[in-house]
Each structure stands twice: as structure tokens, then as C-alpha cells.
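Counting from 1, one number per residue, gives the positions in the sequence shown under UniProt numbering. Glycine residues also receive a C-beta, built at the ideal position from the N, C-alpha and C atoms. For clarity, every value in this text was computed on a predicted model and none was experimentally measured.
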Amino acid sequence: MARYKKEKALDNTPRTIVAKERAFADFQRHRGSRPIGDYALEDAVEHKNKLIDDGGSASRVKSRLSFLRDIFAYAIANGHRDGPNPFAAAKVSSKSKLQQQKRSYKLFSADDLATIFDPAAYEARMDKPAYRWLPFLALYSGASLEELASLRVEQLQREGASGFSTSIRRRTQTPSGASPCTARLSNPVSWPMRTACAGVARANFFQN
């Protein structure tokens, strides 16, 4: 699994890799931890049925099965087991029906956004130097926690006396495969960030 994760990091986001790892761990808990070459079609079918019986939506079950299909395809391609892939035909629903299941969300109004980002709602909770502000930074920037957790000190740039900004390169569908996303971080995020930066000694200060 370690080699699989390292190779997939070339074209998968950290969040996707974690999701695949969890899907395989869940499969092992259900069907028993064995060498990957010992799993058969029966294991794939039984696990698919369990995911359905557990009440998962078609899209959730489909994504879990696709993760496992990818893991087993890697194992076959790299000589860790013989084919066929037990998850090759383990699918649920159709693309058109899955599209119908997608939830629609009402857009935030200007008042909603003002309430969400009102500094007064957060400052009372951010009065300790050790405050873990990573989730709050995600709220401000719109980036995922995995993207923010992988940032390094040099990716944070100071703007003026109190402001900070950070540039995150995200994978996109563009030919280059990545595009910069700059997030400007204002109060109340900037002052706990200054506290964290002032005493940082690690190369990656978002860890832990």
C-alpha cells in the first residue's frame, strides 16, 4: 500500500489518496486482512452488498468500489496478484441516475456570508497561542484541509503590517495540471497566524 500511495501521489490529491486508503481498510475489516492476491470475486460482491446494506447512496457506493477497483488494478499491473480484477464488474446504478441524486444547495446570501465571516463570532475563541486555526483558514480560503496541511512556510507571504496571503497550487483540468490559487488572509486569521509563524522551527508548520 505504501508504494501504491507514493505512485498515486503523482496524479491524485492527498484527499483522494486518504479516501482510497480508508476504502481498502474498510474492505479488509469486512472481508479479513489477507494478501491482496487471495481476494476473489465473492469478496468484491459481498463487500458491495454490505455497502448497500449500510445505507450508502449510489454515488458513495460507486466511489468506494472505484477506489478498490483502482487498487486491485495496480496490484495486477505490478505483479502482486493475478487477474482478473474482482472489482472490474462491481458497479451500481448508472451515470444518469447518479446525476439525479446530486444534492442542490442554496447559495449563501450577502447576510449569510456576513454572519459566517463576522470576526466577533470567532475572536473570543481565538485567544490562545496554541489555537488550531487550520479549519478556520480553510473557511476563509476555500481550500481543503489536506491542501492547507501540505503548505510550507515559504508559501506564506506577508502583506503590509498585519496581513498574510498564501498561494496554493491545485490540480485542475488544464494542460499544465495545476493552477495557483491565492488566498488573502485577513483578521481574525492573521494574528494567530503571526503567533504561529513567530515561533516556528519546522519546515512545515501546519503539521500536528
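| Query | Result |
| --- | --- |
| Closest residue to P86 among D11, I36, A9, A149 (Cα-Cα distance) | I36 |
| C-alpha gap between A9 and I17, whole angstroms | 7 Å |
| Span of the alpha helix (DSSP H) around K106 | K106 -> no alpha helix (DSSP H), and no H or E assigned at all. |
| Rounded C-alpha distance that separates A53 from G32 | Reading the sequence as shown, one finds Asp at residue 53 and not Ala. Distance between the alpha carbons of D53 and G32: 18 Å. |
| Coil, strand or helix - T16 by DSSP | helix |
| Simplified DSSP assignment, three categories, for Q85 | Checking the sequence shown, residue 85 turns out to be Asn, not Gln. Reduced to three states, the DSSP call for N85 is coil. |
| N-terminal and C-terminal residue of the alpha helix (DSSP H) that S63 is part of | 58 to 77 |
| Host alpha helix (DSSP H) of A40 (start-end) | Unbroken run through A40: none, as it is neither H nor E. |
| Cα-Cα separation, K91 to L145 | 30 Å |
| Inter-stretch contact (C-beta, 8 Å, three-pair minimum) for the region 59 to 67 and the region 17 to 27 | yes |
| Rounded straight-line distance, which links the Cα of A19 to that of E147 | 15 Å |
| Identity of the residue in S59, A40, S150 nearest R81 by Cα | A40 |
| Close-in-space but distant-in-sequence residues of the same chain around P14 (CB under 7 Å, 5 per side omitted) | E146, S150 |
| Reduced DSSP category for K91 - H, G, I as helix; E, B as strand; rest coil | coil |
| Buried versus exposed call for I116 [16 or more other C-beta atoms within 10 Å across all chains shown] | exposed |
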